[in-house]
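Just so you know, the protein sequences line up as chains A and B, in that order.
Residue numbering for the first sequence is 1 to 128, as defined by this note's numbering.
Residue numbering for the second sequence is 1 to 128, as defined by this note's numbering.
Don't be surprised by glycine CBs; every beta carbon is placed ideally from N, CA and C.
There are 2 protein chains.
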Amino acid sequence: MISQTAEYALRAVIHMAKCRESSLSTRQIADATEVPIAYLSKVLQSLTKAGVIHSHRGLKGGFSLVKPPEDITVYDVINAVDPMKRIESCPLKNTSHGKNLCPLHRRLDSVLEATENAFRSTTLAELL
Amino acid sequence: MISQTAEYALRAVIHMAKCRESSLSTRQIADATEVPIAYLSKVLQSLTKAGVIHSHRGLKGGFSLVKPPEDITVYDVINAVDPMKRIESCPLKNTSHGKNLCPLHRRLDSVLEATENAFRSTTLAELL
DNA sequence: ATAAATCTGGATATGCATATCCAATTTTAA
DNA sequence: TTAAAATTGGATATGCATATCCAGATTTAT
Chain A
1 MISQTAEYAL
11 RAVIHMAKCR
21 ESSLSTRQIA
31 DATEVPIAYL
41 SKVLQSLTKA
51 GVIHSHRGLK
61 GGFSLVKPPE
71 DITVYDVINA
81 VDPMKRIESC
91 PLKNTSHGKN
101 LCPLHRRLDS
111 VLEATENAFR
121 STTLAELL
Chain B
1 MISQTAEYAL
11 RAVIHMAKCR
21 ESSLSTRQIA
31 DATEVPIAYL
41 SKVLQSLTKA
51 GVIHSHRGLK
61 GGFSLVKPPE
71 DITVYDVINA
81 VDPMKRIESC
91 PLKNTSHGKN
101 LCPLHRRLDS
111 VLEATENAFR
121 STTLAELL
C-alpha cells in the first residue's frame, strides 16, 4: 500500500518523535529503525527538503523534527518521500465518458480518498 | 494503490462482463482495454489459474467469465494476479512489543483492512 | 487431413524502486 | 588551526514488476 521508502520515512520520524529533545545522527536512526543507513540517508534528505525535519551538519549534527509530533501527520511524511497520486482522469483513451472517471476508476479513487483521509487524520503523536 | 497488473486484470474482466455472451480472444480484449497484448496474455493466464475465467484454446477460442458479474468481486480479481498482503507481524526485530503490531503498523494494517473490505464488497456488476 | 486461429509457457528485455559507495563540504570541540 | 564527526550529492549496483518474443500445443472449419 505504501512504498518501502514511505515505511522507512515513517519509522524514522516516529523514532525522532520519541527522542524529541536531541538531534539524532543518521546512524542512530538507522540502528533504531533497522533501515539500511545509506538508503536512510537519502530518505532523510527528502524529509529535509520537504520541511518535515531539520538537518544540522558537522560534528554533533543530525536531524530533528521541525514541528511537535501532534502537528505532523502520516500524510505529511508520506507526501514528502513518495506522494500519493489520486486518479484524476480515466487512463483509457478510447472511452465514452471522456475525461470523466468510469465506474472502476471512480471506485478505485474513492478508496484512495479514504486512505488519504486516514493518513491526514493520523498524527505522529498518536503513534508513540 | 493497486499494481499495474491488477489494474489490467480489472479492465479485462470488466470488458468480459460487458460481452458476457461470447468468448473473447486476447487481441479483442487487448484492443478494448488498451493493455499490451503480450502482457495481457500473462494476466489472463493468471486469472485462468485462479479460476476467475475460462480459457478455450484453438480456432474460435478465447476467454470467458466463470461466474456471472454479480458473483465476482474486485477482491477476487486482484487476489488472482497480485494478492493483497495484510501486515501480520511487526517488520522490526528489535522491538518491545514482540510480534504484536506497534501503533504504526496497527494503523497501516487497519487501512489495509478497510481497503480489502471495499474490494470485497464491490462486484463486477456494479462497475458496468 | 489440412490450414488457420488461438492459447501456453519459457526465455529474455526494460524500467523503476531500492540500495550502496564515496568524495566533498560543513561544523564542532579541543 | 586542526582533527573528527556528520550531512550532501553524484555515480553506480541490484532486484523486482512490467513488458516482449517466439516456438509449441490445441482446437475448429473446411
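When DSSP states are grouped into helix, strand and coil, A/L59 belongs to the coil group.
For A/K93, the C-beta contacts it makes with chain B under 7 Å involve E34, in order along the chain.
B/M1 belongs to the set of residues whose beta carbon lies under 8 Å from a beta carbon in chain A. Any Cβ of chain A closer than 8 Å to the Cβ of B/R107 would place that residue at the interface, and such an atom is present. Within chain A, no C-beta atom comes less than 9 Å from the C-beta of B/L59; the nearest is roughly 27 Å away. The beta-carbon separation of A/H15 and A/A32, rounded to 5 Å, stays under the 8 Å limit for a contact. Distances from the alpha-carbon of B/G58 to those of B/T73, B/S23, B/I87 put B/S23 closest.
Rounded to whole angstroms, the gap between the alpha carbons of A/E88 and A/V111 is 13 Å. Contact check for A/R107 against B/T73 fails: the beta carbons are separated by 8 Å or more.
Chain-ordered, the chain A residues with CB closer than 8 Å to the CB of B/L128 read P103. When the alpha-carbon of A/A80 is set against those of A/S96, A/T115, A/A125, A/T48, the nearest one is in A/T48. Taken atom to atom, the span from the alpha-carbon of A/I78 to that of A/A9 is near 7 Å. Under a 10 Å Cβ-count criterion, B/E7 is classified as buried, with 16 or more other Cβ atoms of the shown protein chains found around its own Cβ.
For a Cβ distance threshold of 9 Å, residue set C102, P103, L104 of chain B lies close to A/I14, ordered along the chain.
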